[in-house]
Amino acid sequence: MLISVRVIPRSAHNKLEWIHEDDQEAGKTGTQVSLRARLTAPPVDGAANDALVKLLSMQLGLPKRGITIIRGATSRQKVLEIADLTSEDLWRRLQKV
């Protein structure tokens, strides 16, 4: 299962939050829901990436080895692969955030 996460490094606390944005581009209407991760770690030497994997691991109740950054290792916008969860299980666990 793939998820997209926007990372905000050097935040006051480590936490996941839902972002609801109005989608007005290209004539689309509705609201887009995104996941944002606020991390205390700086974006230096992979510290923020490690903190993101650890935070998701704790929130989802999965081992860290089951979460892999597949795109955006040096970007704030990341795509992660979550192993061993169906989309329904992932959504249910993320709704508790």
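Under my numbering, the first residue of the sequence shown is numbered 1, with each subsequent residue one higher.
Ideal Cβ positions, reconstructed from N, Cα and C, are used throughout, including at glycine.
Scanning its chain for C-beta atoms nearer than 8 Å, with the 5 sequence neighbours on each side dropped, one finds around ALA73 the residues GLY46, ASN49, in chain order. For SER4, the enclosing beta strand (DSSP E) begins and ends at 2 to 8.
For LEU52 against VAL7, the beta-carbon gap comes to about 6 Å, under 8 Å, which counts as contact. The C-beta separation of ARG10 from PRO42 comes to about 5 Å, placing the pair in contact by the 8 Å criterion.
Rounded to whole angstroms, the Cβ separation of ARG38 and LYS15 is 5 Å, and the two are in contact under 8 Å.
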